Each structure stands twice: as structure tokens, then as C-alpha cells.
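Enquirer: Residue numbers (this note's numbering): -17 to 610.
In this text, a Cβ means the ideal position worked out from N, Cα and C, and glycines have one as well.
The model shown is predicted, which means the values in this text are computed figures rather than measured ones.
Please see the structure below; I have some questions.
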Ligand code: COA
Ligand code: AMP
């Protein structure tokens, strides 16, 4: 069947489509019905089913005779180690870990925070939670203690599972002191913490609270899989929104299983026994879906890579991993390829890649130069696909397992079945092909996408549903061409994308505003050749502040690093007298971005005082931006 036929099939009978896809999953109790629209515009899928995620990702493959097949390959150039875990071993390790958590009181519905680097134990912790029906929330290692504390208070975990340290090429990341500081700061206290001691840095355990990963599993009874309802939350993953408070995206169990399993064949053209590698991090949605769950649900081998695209040791690292582990499908962010291209512009370090079928890119806009470089040197289809933490898998893609559609560079191709993507004007009316507008998806969203935000249904409605009734608002702007190809151009909110990491400028502004000399501030994302965007702060100081500006800037940079974390990559700020605003007081961030990026811009009709923009341009020129 062609893509058009499959999409049509879904349009004709969405529920039938997903019930057929549900055949790929082992159920304790099959769903009698696909969609539950009794609380529209809040929707759920497969509500009355009973199922277990860990069973589908691990146990069923052992029963099917795949026990000896590698489930996880850990390849860690930063520690110089490689380690293979078969499905049988994974079952053993996960059921013991789950047994130990259960013995300490973790039950279905309890939350467990996981704060770990790219080690197989991170996946095992996720799967052990899934085995018990506990709801995990993985926190990315590049966040500071404060961000961890915010998440602890929001989801109130019974336990936290952490590693003693992570390893960045330039330094050891001391997870344990960050964890201790976060628990100190948080009002909610977990009952206990499980610490996975790494030999690169062994952490001191806090008596009475911390238990060591290996010891606490000693002598426990391995746990069986606990069936959960179809709409039971599999996990909560916090993502950046407009304000400093992150949004807890809820992932429903049954829809997640059905949809991810479907994508593995339809989009990635992979099945049991194939090797799949997503070079992301378990702390992000790509890591949840395509390092951990989807490849394992489909019986593939997943690669867990603890390294960088360059510098561990060089720009050939990715190609070594692909050839050494016989990777079929490889997924990364365009920024990683830009880093490789910068070190190896001629592609001299790219060998023949005989097993690789395709390269998948997501997380940010894939620029044409990067796509051309990859096409020329890797000699495989380069598939840009568009998705969000909220959806958990691709909204638009080129579905290689169905049909390799013609590639249009600059477009993540076409809407996937399940997603009726439309471009709307401010009034919520669909616009004609080629016209820019807000990208929205007609409700209901398909299985596996977020049904709500954790403990924040009102915020869910406000953030996604209220602006365009009957639609989910993606927060992206763009257009659809006459052939149905989507083009994602920009965010419509204050979210920026730095090296494939989604960050909130609002969160950075909240931190800057807490500096004692800062009266007012704004953060924008300016274009960056490597990282796509880079944050830049404007600081207006309190009257009477006469301290040297560079000292204040340095303190502000440190403040953001300490409060949000190194991942914010906030390294630049300038002091200005005033910020450009509309007459109603709204800061003109969009105009400042255009000036910084040396793009053509129009004087906003609503501006309060046009002269301020000249001052802003001058300040930006001191940083080498806003070239005339
Ligand atoms: N734990 C702790 N710190 C981390 C971290 C982690 N897991 N990941 C990144 N950091 C730190 C880095 O050490 C760096 O700190 P520094 O300011 O002390 O140098 C900072 O956060 C910024 O990191 P990063 O954005 O990774 O920049 P970089 O200059 O170290 O590397 C790239 C640049 C392009 C190589 C890198 O950004 C990259 O590999 N990007 C791909 C991102 C990706 O896969 N995203 C997933 C979305 S699908
Ligand atoms: P995240 O939730 O971290 O996955 O970030 C989602 C956001 O990243 C989207 O809303 C887009 O703004 C951006 N994004 C993701 N994939 C793409 C893509 N293929 N092209 C353009 N932007 C993308």
C-alpha cells in the first residue's frame, strides 16, 4: 500500500486503524474500544485494556526465543567500555530491580524520578518502573539541582534512582551532590534513593535515605509484570513551556505501546533483530521513545551511546558505532551533524556504511547544507521528521517502511496517519497552501500522545486546546505546500531550541530577574551556526547600580548555569538602558531577534519609542551581532 492509501485508510476509519495496530501488542485484556471521547476535548485511547509495557518490551521477546539476542549495546567512549545485554539478561536484571523497588514499597501509580546518564541501568530503571506500574520521570543530567527540585515537588516521587556521576568529555558531572542539593531544596522528600555507583566516582551515601543499586537488590524476589489500565500513565516527562515552571507531559500506557510499535516498521523500517540507534539522551523524549521503548517493544537491539558526535575521540565516532554494531537505522539531531561537518567538511572520515538503511533527523529544523552533506557522504536516505515531547513520536515524516516519498529539502515531509495537520490564521481558519500560519492538529490526537499535563489539567487546556477550539496547538508556525508537505519555520511562543534542546527563555528571564542588580530583562534566541539557536540576555539595571557591567554579566551567566544547568548554554548577556516595548508594555523580542540575526525587519507599528531599537542594535554590535 502507498502512503496515500495508508493515510486514507486511517482517515476512513481512525478507530479501526488503531485497533488493527493494537494487534502488535500483547494484552492482558484486549481493548474493547479504541477511542474514549466521553470527556472531549480531552481524549483517551484503549482505556478499558489491561497491559504491561515491560512485558511487551522485554519478557515477550524471551518467550519468543530471542533471549540470546542483544537487547542493549552500551558503547561508551567516555569510559572506554562496551557492554552487551541480551534480552534474557535484561529480563533478569529488570525483574530483580523491580523486585527490590517493590520490597521497599514502590507500587502501581507511585512516581519514581530517574536521574542518570547514558548507561543501560537508566533503561533498566525505566523498565523496572514500568514492570510495577510505577510512573517514572527521567530528568536530564545537564539540569541543575533547582530544576531537579522543581520536578521533585511537582511529581512527589516515592523514590529517586540516580547514578553517582555522569561523564562529559571535559569533566565528571557530580550527580550525587546535585541530587542532595535538590532534595534539600524540595519540600517533598522521597522515601529513599537508589544510587548506582560508577567506578569513575563513587558517591557517599546518605544514611537512612540512600541504598546502593547492587546491595538493595541482594536476595530479593524478582517481580512479575503488573497489569495496568490502558490509560495508566507510563511516565511523566517535563518539558519547557513559556514560563519557568516546566510542563509534565503525561504518556498513556496502551497508546504509547501501540503507536511506538507501529512507527518502528512504518517510519523506521525496522523489525525484530535489527539494530536501532538514536544518539540522543534518555532525559529527552527521543531517548524515551527511541533509545528505550520503541526498539525494545519491536524486539530490536538498541544502542546506548555515552559520547559525543565529535571529540570522543573524533568526528568519525558515529560511523565507527554504526559499522561496529551493524546499525540499520540511525537517528540524531541536525546539530550533531553540523558539529561533525565542521570537523570533517569533506566527509573524509566517513567510511562505507553497509548496514545503514537511513538517517533520521529531528529536534530542530534540518538546514539544507547539513542534509546535503549527509546525503553526499552517507549515501543513504536522509529523513527529516517533526515531533514534540507532547506527541512522543513523529507528527510528520517520510515513512520509509510504507513508501519512500520524494524528499523535499527543508520539509519533514507529510503528516503521519493519526495526525490531521492544518495551518490556521489568527482567527482559527485554515489558510491556503503555501500560506504561513500556526500549525495545529485536529482533535483527537492519536494514541500515545499526551492526554493531559501532570496535575495541571487547566494548564493543559490553556496551553494547547483553548486558542483554537477543536485543535491541538503545536506552538510551531509554518506552512503546507500544494503536495501536502509541511514546513516548520519557527516557534510561536518563547521556546528556543539550542543544540536540539528545548529551552524556555521565560525560565531564563525568571533567573536573571532574581539578580539583585537587574531591574528588568529579556532573553532571546539568536541564530547559531552550530547549535541552531543560542540564548542571549538583555539586562536593564536598577537605578543606582554602579557596579562594572562585565561583573554583573558574569554573575548572571553563572546564575543561569547554577539554577537551570549547563544545558541552557547561557553564555552571553548585554546591559542596555531600556527594552523595546509595545505601547501596551509587551517586549518586542521578535524584532530584537531579527536585528541580532541581521535580518530585514519592520518597525513595529505599536512600538513605544523607536529610538530604543538603535540602542539595542549598538549593544548587539559589541557582541559581533546585528551587522549592518
Ligand atoms: N550532563 C551534564 N552536562 C551536560 C550534559 C549531560 N548529560 N549534556 C550536556 N551537558 C553540558 C555540556 O558539558 C556543556 O557544558 P559546558 O558549558 O561546561 O561546556 C553544556 O551542557 C552544553 O552542552 P551541549 O549543548 O551538548 O554543547 P557542547 O558544546 O558540549 O556540544 C554538540 C555540542 C553539538 C556536540 C552537542 O550539543 C550535541 O551532541 N548535540 C546533540 C544533541 C541531541 O542529541 N539532542 C537530542 C535531541 S533529539
Ligand atoms: P521537543 O519537545 O524537545 O522534541 O521539541 C519540539 C520542538 O522542536 C518542536 O515543536 C519544533 O519547534 C522543534 N522540532 C522538532 N523536530 C523538528 C523538525 N524536524 N523540524 C523543525 N523543527 C523541529
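1. Exposed or buried, which one is residue 545 when buried takes at least 16 other CB atoms within 10 Å?
2. Taking contact to mean at least 3 C-beta pairs separated by less than 8 Å, is the stretch 418 to 426 in contact with the stretch 455 to 465?
3. Is it buried or exposed, residue 159, if we count other Cβ atoms within 10 angstroms and call 16 or more buried?
4. Below 8 Å, is the gap between the Cβ of residue 455 and the nearest heavy atom of the ligand AMP?
5. List, from N- to C-terminal side, the beta strand (DSSP E) runs of 3 residues or more that fit wholly inside the stretch 4 to 30.
6. Within the stretch 336 to 401, note down every full beta strand (DSSP E) run reaching 3 residues or more, in order along the chain.
7. Can you tell me whether residue 295 is buried or exposed? The criterion is at least 16 other CB atoms within 10 Å of its CB, across all chains shown.
8. Relative to the C-alpha of residue 183, which residue among 199, 154, 523 and 510 is closest?
9. Between residue 138 and residue 267, what straight-line distance do the alpha-carbon atoms span, to the nearest angstrom?
10. What does residue 605 pair with, by DSSP beta-bridge criteria?
11. At least one CB of chain B closer than 9 Å to the CB of residue 156: is that the case?
12. Are the stretch 37 to 52 and the stretch 281 to 299 touching, with three or more C-beta to C-beta distances below 8 Å?
13. In the DSSP output, what is residue 58 paired with across the bridge?
14. Could you check the C-alpha separation between residue 132 and residue 94 for me, to the nearest Å?
15. Report yes if the C-beta of residue 262 is less than 8 Å from at least one heavy atom of the ligand COA; otherwise report no.
16. For the beta strand (DSSP E) that contains residue 404, what are its first and last residues?
17. Under 8 Å by Cβ, that's how I've got residue 230 and residue 438 pegged, so tell me the actual separation to the nearest angstrom.
18. Who are the Cβ neighbours of residue -9 in its own chain at under 7 Å, not counting the five residues just before and after it?
19. Run the proximity test for residue 328: is its beta-carbon closer than 8 Å to any non-hydrogen atom belonging to the ligand AMP?
20. How far does the beta strand (DSSP E) with residue 458 in it extend, from its first residue to its last?
21. Pick helix, strand or coil for residue 35, following the three-state DSSP scheme.
22. One question on the structure: do residue 58 and residue 101 come within less than 9 Å of each other, judged by their Cβ atoms?
23. Go to residue 111, then tell me how far its beta strand (DSSP E) extends in each direction, as first and last residue.
24. Can you grab the Cα-Cα spacing for the pair residue 176 / residue 143, in whole Å?
25. So what's residue 503 in DSSP terms, helix, strand or just coil?
26. Using a Cβ-Cβ cutoff of less than 7 Å, which residues in the same chain neighbour residue 318 once the five nearest sequence positions on both sides are dropped?
27. Round the Cβ separation of residue 412 and residue 404 to the nearest angstrom and send it over; I've been treating them as touching at under 8 Å.
28. Ignoring anything shorter than 3 residues or poking outside the stretch 123 to 203, list the beta strand (DSSP E) runs there in chain order.
29. Return yes when at least one heavy atom of the ligand AMP lies under 8 Å from the C-beta of residue 357, else no.
30. Going by the C-beta, is residue 481 closer than 8 Å to any heavy atom of the ligand COA?
31. Run through DSSP, which three-state label would residue 440 get?
32. Hey, residue 285 and residue 151 are a contact pair by Cβ (cut 8 Å); roughly how many whole angstroms apart?
33. For residue 68, tell me which candidate among 571, 202, 80 and 54 has the shortest Cα-Cα distance.
34. Assign residue 90 to one of two classes, buried (16 or more other C-beta atoms within 10 Å of its C-beta) or exposed (fewer than that).
Expert: Reading off the structure:
1. For this step, residue 545 is matched to residue 563 along the chain shown. Buried is the call here.
2. Counting C-beta pairs closer than 8 Å gives three or more between the stretch 418 to 426 and the stretch 455 to 465, which meets the contact rule.
3. For the purposes of this step, residue 159 is taken as residue 177 along the chain shown, with counting starting at 1. Exposed: under 16 other Cβ atoms inside 10 Å.
4. In the chain shown, counting from the first residue as 1, residue 455 sits at position 473. Taken from the Cβ of residue 455, every heavy atom of the ligand AMP lies 8 Å or farther away.
5. Here the runs fully enclosed are 17 to 21 and 24 to 27.
6. Within the stretch 336 to 401, the runs of beta strand (DSSP E) that reach at least 3 residues and sit entirely inside it are, in chain order, 340 to 343 and 364 to 366.
7. Working through the chain shown from its first residue, we reach residue 295 at position 313. Classification of residue 295: exposed, given that the 10 Å Cβ count is below 16.
8. Along the chain shown, one-based indexing puts residue 183 at 201. Among 199, 154, 523 and 510, the Cα nearest to that of residue 183 belongs to 154.
9. The residue labelled residue 138 in the question sits at position 156 within the chain shown. The residue labelled residue 267 in the question sits at position 285 within the chain shown. Computed Cα separation, rounded: 21 Å.
10. Against the chain shown, residue 605 aligns to sequence position 623. Bridge partners of residue 605: none, in fact.
11. The question asks about chain B, but that chain is absent: this structure has only one protein chain.
12. Short answer: they touch.
13. The sequence position of residue 58 within the chain shown is 76, counting from 1. Paired residues: 63.
14. Translated into the one-based positions of the chain shown, residue 132 becomes position 150. Translated into the one-based positions of the chain shown, residue 94 becomes position 112. For residue 132 and residue 94, the distance between alpha carbons rounds to 14 Å.
15. Working through the chain shown from its first residue, we reach residue 262 at position 280. The ligand COA has a heavy atom closer than 8 Å to the beta-carbon of residue 262.
16. Residue mapping note: residue 404 aligns to position 422 of the chain shown, counting from 1. It spans 403 to 406 - the beta strand (DSSP E) in which residue 404 sits, taken as one unbroken run.
17. Here residue 230 refers to the residue found at position 248 when the chain shown is read from its first residue. Here residue 438 refers to the residue found at position 456 when the chain shown is read from its first residue. Confirmed, about 7 Å.
18. Here the question's residue -9 lines up with position 9 in the chain shown. Here the set comprises -1.
19. In the chain shown, counting from the first residue as 1, residue 328 sits at position 346. Result no, Cβ not under 8 Å from the ligand AMP.
20. As a working mapping, residue 458 is identified with position 476 in the chain shown. For residue 458, the enclosing beta strand (DSSP E) starts and ends at 453 to 462.
21. Walking along the chain shown from the start, residue 35 turns up at place 53. Under the three-state reduction of DSSP, residue 35 is assigned to helix.
22. Within the chain shown, numbered from 1, the residue matching residue 58 stands at position 76. Within the chain shown, numbered from 1, the residue matching residue 101 stands at position 119. Yes, the pair counts as a contact, with Cβ atoms nearer than the cut-off.
23. In the chain shown, the residue the question calls residue 111 occupies position 129. No beta strand (DSSP E) holds residue 111; the alpha helix (DSSP H) holding it covers 102 to 114.
24. Position 194 of the chain shown, counting from 1, holds the residue named residue 176. Position 161 of the chain shown, counting from 1, holds the residue named residue 143. Between the C-alpha atoms of residue 176 and residue 143 there is a straight-line separation of about 5 Å.
25. Here the question's residue 503 lines up with position 521 in the chain shown. Three-state DSSP puts residue 503 in a strand.
26. For the purposes of this step, residue 318 is identified with residue 336 of the chain shown, where counting begins at 1. Cβ within range, chain order: 261 and 291.
27. Locating residue 412 in the chain shown gives position 430, where the first residue counts as 1. Locating residue 404 in the chain shown gives position 422, where the first residue counts as 1. About 5 Å separates the beta carbons of residue 412 and residue 404, which is inside the 8 Å limit, making them a contact pair.
28. The stretch 123 to 203 contains these whole beta strand (DSSP E) runs: 141 to 145, 147 to 150, 153 to 156, 174 to 178 and 192 to 194.
29. Start at 1 with the first residue of the chain shown, and residue 357 comes out as number 375. Not so, every heavy atom of the ligand AMP lies at least 8 Å from the Cβ.
30. As a working note, residue 481 is residue 499 in the chain shown. Yes.
31. Sequence index remark: in the chain shown, residue 440 carries index 458 (1-based). Residue state, collapsed to three classes: helix.
32. By 1-based counting over the chain shown, the position of residue 285 is 303. By 1-based counting over the chain shown, the position of residue 151 is 169. That pair is no contact at about 19 Å.
33. As a working note, residue 68 is residue 86 in the chain shown. Nearest to residue 68 by alpha-carbon distance, out of 571, 202, 80 and 54, is 54.
34. In the chain shown, the residue the question calls residue 90 occupies position 108. Label assigned to residue 90: exposed.
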